[in-house]
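Note that the UniProt record's numbering has the sequence shown beginning at 1, numbered continuously upward. Backbone N, C-alpha and C fix where the C-beta goes; we use that ideal spot for every residue, glycine too. Remember, predicted model here, so these are calculated numbers, not experimental data. To keep things clear, I will list the structure first and then write my remarks on it.
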Amino acid sequence: MPSSQSVELWTLYALGISFTIFRTYARIIAVGLRELRSDDYLIWLAVLIYTAQCSLGHSVGVAARGLANNGMTPVQRASLSHEDPEYHWRVIGSKIQVAGWTSAASLLWTLKLCVAIFYFRLTNGLERFRMRIFIAIGFIGITFIALIMTIFLSCRPFHAYWQISPDPGNMCQAAVSKPVVWVMFVGNVSTDIFLFLIPIPMLWQSSLRPIKKLAATLVLSAGVLIVVCATLKSVYVLVDPIHGGELAAAWGTRETFIAVITTNLPMVFPLLKIWFAPWLPSTTHSNSNSKAYRIHGSGFVTIGGGSASTSNRSRQTRSQQDRTGNMKSNNGSEEHIIGPDADIKMKDLRTIVDERRSLGPNNIIVSTHVSISTENGHSDRYTGSLVHS
1 MPSSQSVELW
11 TLYALGISFT
21 IFRTYARIIA
31 VGLRELRSDD
41 YLIWLAVLIY
51 TAQCSLGHSV
61 GVAARGLANN
71 GMTPVQRASL
81 SHEDPEYHWR
91 VIGSKIQVAG
101 WTSAASLLWT
111 LKLCVAIFYF
121 RLTNGLERFR
131 MRIFIAIGFI
141 GITFIALIMT
151 IFLSCRPFHA
161 YWQISPDPGN
171 MCQAAVSKPV
181 VWVMFVGNVS
191 TDIFLFLIPI
201 PMLWQSSLRP
211 IKKLAATLVL
221 SAGVLIVVCA
231 TLKSVYVLVD
241 PIHGGELAAA
251 WGTRETFIAV
261 ITTNLPMVFP
271 LLKIWFAPWL
281 PSTTHSNSNS
291 KAYRIHGSGF
301 VTIGGGSAST
311 SNRSRQTRSQ
321 QDRTGNMKSN
331 NGSEEHIIGP
341 DADIKMKDLR
351 TIVDERRSLG
361 PNNIIVSTHV
371 SISTENGHSD
381 RYTGSLVHS
């Protein structure tokens with residue numbers, strides 16, 4: 001009969017894989033198969049690593065009986081014979097622990113890179129925010145290299161990772177190695193916090209209603225749960241070196257599952273919002289099929305809107321209502337936000353003749369200046385006048 005940990009492990013794995021499939025489906029519905037971007041493919045590399053990590057976690061319980069070279073007294077180490085099955089289990093378990101740390105780091109940092117690439121798409125045309133994303137990508141790369149080097153260089157010689165007797169010391173007990181735990185914790189939490197802080201300023205500068213800004217903030221800040229799991233995992237190892245490894249493994253399983261879900265959630269959220277729109281309060285969805293909202297003068301698009309360069313060309317025959325977002329203002333007027341794939345034809349813009357010279361002294365002229373910037377950097381300005389007598 002499978003243990004409760006194995007049941008939890010594979011249940012969470014199945015949910016994570018299903019959610020990733022759902023994410024890919026949502027992206028294909030939104031932009032089309034040919035318009036999928038690098039993060040849409042990178043997430044499947046993360047799935048392969050996730051599969052390897054779960055297989056290693058399962059093997060710890062099956063092949064190694066949950067044992068490794070930690071949690072032993074000097075007497076137990078000296079008395080354990082090489083012919084004893086426990087000795088074999090502990091050696092195998094120690095090797096799996098090293099592979100487990102490596103796969104967990106690779107999975108979490110691949111997911112972080114997916115998030116950073118998603119933000120890069122999100123900020124198309126917003127150079128001042130893109131610099132933060134470049135810094136984040138560099139930060140992700142540096143912390144990953146530091147963690148991998150810690151795993152493979154902190155214990156010398158390397159084969160001491162599965163040494164039973166004499167005691168190789170904490171640095172060579174992979175399940176509870178303090179250098180690995182600390183570097184993993186600091187790198188994991190710091191990069192998550194940095195990624196969390198990137199979209200929030202952009203989001204609150206957008207034209208979304210406050211309730212939508214709050215909802216999007218909650219979706220993007222779901223990664224805080226990863227920080228909680230990472231903290232609990234590290235605390236268990238540090239305060240209980242005997243049994244902490246087992247508890248840390250359980251929380252590590254939950255951590256990677258939450259990381260998979262939160263990475264996919266921004267892509268799935270727009271489709272869920274459409275499906276559940278009939279049951280949601282009117283304040284949580286707009287009066288139209290709007291997908292994109294922009295910061296004035298920028299290319300920022302909120303979650304679900306893709307980017308200015310990711311529109312599905314095969315869907316250009318849709319009506320103009322599908323390509324523009326509509327928002328009802330408080331005074332009853334309707335504002336149109338031109339979508340990233342909307343074609344602006346100059347012949348549709350009519351000039352308004354300036355009749356100021358023929359107007360009397362009691363007339364009021366209200367002038368409106370409209371600037372239209374295209375993706376190639378060309379900018380045109382149009383002026384319209386409204387006369388009140």
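Neighbourhood of valine 98 by C-beta, 6 Å cutoff - its chain only, sequence neighbours within 5 removed
For the purposes of this step, residue 98 is identified with residue 98 of the sequence shown, where counting begins at 1. Correct list, in chain order: Tyr161, Ala174.
Just mark aspartate 84 as buried or exposed, buried being the case when its beta carbon has 16 or more other beta carbons within 10 Å.
As a first step, residue 84 is located in the sequence shown; it is residue number 84 there, counting from the start. Its Cβ having fewer than 16 others within 10 Å, aspartate 84 is exposed.
Rounded distance between the beta-carbons of glutamine 53 and threonine 256, thought under 8 Å
Taking the first residue of the sequence shown as position 1, residue 256 is located at position 256. Taking the first residue of the sequence shown as position 1, residue 53 is located at position 53. Contact flag correct, Cβ pair sits at about 6 Å.
Just the C-alpha distance for glycine 16 and glycine 169, rounded to the nearest angstrom, thanks.
As a position in the sequence shown, residue 16 is number 16, starting the count at 1. As a position in the sequence shown, residue 169 is number 169, starting the count at 1. Using only the alpha carbons, I get a separation of about 36 Å.
Please report the straight-line C-alpha distance between proline 201 and threonine 231, rounded to a whole angstrom.
Locating residue 201 in the sequence shown gives position 201, where the first residue counts as 1. Locating residue 231 in the sequence shown gives position 231, where the first residue counts as 1. Roughly 26 Å between the two C-alpha positions.
Could you tell me the alpha carbon to alpha carbon distance between serine 79 and valine 7, rounded to whole angstroms?
Looking up residue 79 in the sequence shown gives position 79. Looking up residue 7 in the sequence shown gives position 7. Cα to Cα, the separation comes out at about 34 Å.
Valine 260 beta carbon less than 8 Å from that of threonine 20:
As a working mapping, residue 20 is identified with position 20 in the sequence shown. As a working mapping, residue 260 is identified with position 260 in the sequence shown. Yes.
Reference threonine 191, options Trp251, Leu33, Gly244, Phe144, closest by Cα
Here residue 191 is taken as the residue at index 191 of the sequence shown, counted from 1. Selected option, being the one with the closest Cα: Phe144.
Is asparagine 70 helix, strand or coil when you go by DSSP?
Along the sequence shown, one-based indexing puts residue 70 at 70. Of the three classes helix, strand and coil, the one that applies to asparagine 70 here is coil, per DSSP.
Under 8 Å between C-beta atoms of isoleucine 193 and alanine 136:
The count along the sequence shown starts at 1 and reaches residue 193 at position 193. The count along the sequence shown starts at 1 and reaches residue 136 at position 136. Cβ distance not < 8 Å, so isoleucine 193 and alanine 136 don't count as in contact.
Cβ-Cβ distance between leucine 238 and lysine 178 below 8 Å:
As a working mapping, residue 238 is identified with position 238 in the sequence shown. As a working mapping, residue 178 is identified with position 178 in the sequence shown. Yes, the pair counts as a contact, with Cβ atoms nearer than the cut-off.
Residue range of the unbroken alpha helix (DSSP H) whose run includes isoleucine 226:
In the sequence shown, the residue the question calls residue 226 occupies position 226. That run of the alpha helix (DSSP H) goes 224–239.
Quick one: what does DSSP say proline 199 is sitting in, helix, strand or coil?
Sequence index remark: in the sequence shown, residue 199 carries index 199 (1-based). Proline 199: helix per DSSP, three-state reduction.
C-alpha distance - valine 91 paired with leucine 33, whole-angstrom precision
The count along the sequence shown starts at 1 and reaches residue 91 at position 91. The count along the sequence shown starts at 1 and reaches residue 33 at position 33. Distance between the alpha carbons of valine 91 and leucine 33 is about 46 Å.
Would you please state the rounded distance, in angstroms, between the beta carbons of threonine 217 and leucine 203? I believe it to be under 8 Å.
Against the sequence shown, residue 217 aligns to sequence position 217. Against the sequence shown, residue 203 aligns to sequence position 203. Going by Cβ atoms, the distance from threonine 217 to leucine 203 rounds to 6 Å, so yes, they are a contact pair.
On the three-state DSSP scale, how would you describe serine 103?
As a working note, residue 103 is residue 103 in the sequence shown. Three-state result, serine 103: helix.
What three-state label does DSSP hand glutamine 163 in the structure shown?
Counting from one through the sequence shown, the residue named residue 163 turns up at place 163. Glutamine 163 falls in the coil class under three-state DSSP.
Rounded straight-line distance, which links the Cα of isoleucine 258 to that of serine 59
For this step, residue 59 is matched to residue 59 along the sequence shown. For this step, residue 258 is matched to residue 258 along the sequence shown. Distance between the alpha carbons of serine 59 and isoleucine 258: 21 Å.
How would you label arginine 132, buried or exposed, when you count the other beta carbons within 10 angstroms and need 16 or more for buried?
By one-based count along the sequence shown, residue 132 stands at place 132. It counts as buried.
Residue range of the unbroken alpha helix (DSSP H) whose run includes tryptophan 44
What you label residue 44 is simply residue 44 of the sequence shown in a count that begins at 1. Run containing tryptophan 44: 38–62, per the alpha helix (DSSP H) assignment.
Who are the near neighbours of residue 449 in its chain, counting only those whose CB is closer than 7 Å to its CB and skipping five residues on each side?
As displayed, the chain neither begins before 1 nor continues past 389, which places residue 449 out of reach and without an answer.
The alpha helix (DSSP H) enclosing proline 210, as first and last residue numbers:
Within the sequence shown, numbered from 1, the residue matching residue 210 stands at position 210. Unbroken alpha helix (DSSP H) run through proline 210: 210–220.
Is it right to say phenylalanine 129 is buried, meaning 16 or more other beta carbons lie within 10 angstroms of its own, or is it exposed?
On the sequence shown, residue 129 is found 129 positions in, with the first residue counted as 1. Looking at its Cβ environment, which holds 16 or more other Cβ atoms inside 10 Å, phenylalanine 129 is buried.
At which residues does the alpha helix (DSSP H) containing residue 392 begin and terminate?
Residue 392 is absent from the structure shown; the chain starts at 1 and stops at 389.
Mark isoleucine 164 as exposed unless 16 or more other C-beta atoms lie within 10 angstroms of its C-beta, in which case mark it buried.
Here residue 164 corresponds to residue number 164 of the sequence shown, with the count starting at 1. By the neighbour-count rule (16 or more Cβ atoms within 10 Å), isoleucine 164 is buried.
Can you say whether threonine 123 is buried or exposed, counting buried as having 16 or more other CB atoms within 10 angstroms of its CB?
Here residue 123 refers to the residue found at position 123 when the sequence shown is read from its first residue. Result: buried.
Less than 7 Å separating the Cβ of leucine 195 from some heavy atom of the ligand NAP?
Inclusion of the ligand NAP in the displayed structure is not the case, the ligand content being empty and no account of it being possible.
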